[in-house]
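So the structure is just underneath, and the comments pick up after that.
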Amino acid sequence: MNEVGITNLGPVPERMTFYEALASMRGQRKYTINPGHHSRRLTYCEVMREIAREAASDRPDMAKIIDLAAFGFDFGKRMDARMKELKEMLA
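Below, the structure is given as C-alpha cells:
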C-alpha cells in the first residue's frame, strides 16, 4: 500500500537535501504544531512541542529546528491517525 499523502509526503527528490524537500512541502502539512500546548503526557507529539519550545529564540539558526519539529509533529499525527484507521479496520 502506498502511504504517500497519508503518513508521509513522499521521497526526497534528487539533488535536494532532506530539509529542502521538507520546506518545499510546507503547504501540505495537515497538522500544525502548537508549542504553547502542554499535554503533560509522554508522547511523540509532546516531544516535538518541547523541541519547538526549547528552540524558540531570536537566533535565526533555530528557525530550522523549529521547522523540523513542526514536520515531525505533522508526520507523527499522520501516523497516529493511520494507526487508528487500520486498527478500526481490524475490529
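At position 44 of the sequence shown the residue is numbered 44 (the UniProt record's numbering), and the sequence of numbers has no breaks.
Even for Gly, the Cβ is constructed at its ideal location relative to N, Cα and C.
Outcome for residue i when other beta-carbon atoms lying within 10 angstroms are tallied against a minimum of 16
{"i": "ASP58", "result": "exposed"}
{"i": "ALA91", "result": "exposed"}
{"i": "MET48", "result": "buried"}
{"i": "LEU9", "result": "buried"}
{"i": "ALA70", "result": "buried"}
{"i": "ALA63", "result": "exposed"}
{"i": "GLU36", "result": "The question names Glu, but residue 36 in the sequence shown is Gly. Per the 10 Å Cβ criterion, exposed."}
{"i": "LEU86", "result": "exposed"}
Opening and closing residue of the alpha helix (DSSP H) in which residue i lies
{"i": "ALA63", "result": "62-90"}
Among the options, nearest to residue i - alpha-carbon criterion
{"i": "GLY5", "options": "SER39, ASP74, ILE65, LYS87", "result": "ASP74"}
{"i": "ASP80", "options": "THR43, ALA23, MET16, HIS38", "result": "THR43"}
{"i": "GLN28", "options": "ARG78, GLU46, MET83, LEU86", "result": "ARG78"}
{"i": "residue 96", "options": "SER24, GLU50, MET25", "result": "There is no way to answer for residue 96, as the model of the chain reaches only from 1 to 91."}
{"i": "ARG26", "options": "GLY76, ASP67, ARG15", "result": "ASP67"}
{"i": "THR7", "options": "TYR31, ALA55, ASP61", "result": "TYR31"}
{"i": "ASN34", "options": "ARG41, ALA23, GLU46", "result": "GLU46"}
{"i": "GLY72", "options": "ARG15, GLU14, ASN2, TYR19", "result": "TYR19"}
### Segments assigned alpha helix (DSSP H), at least 4 residues, entirely inside the stretch 2-47
18-24
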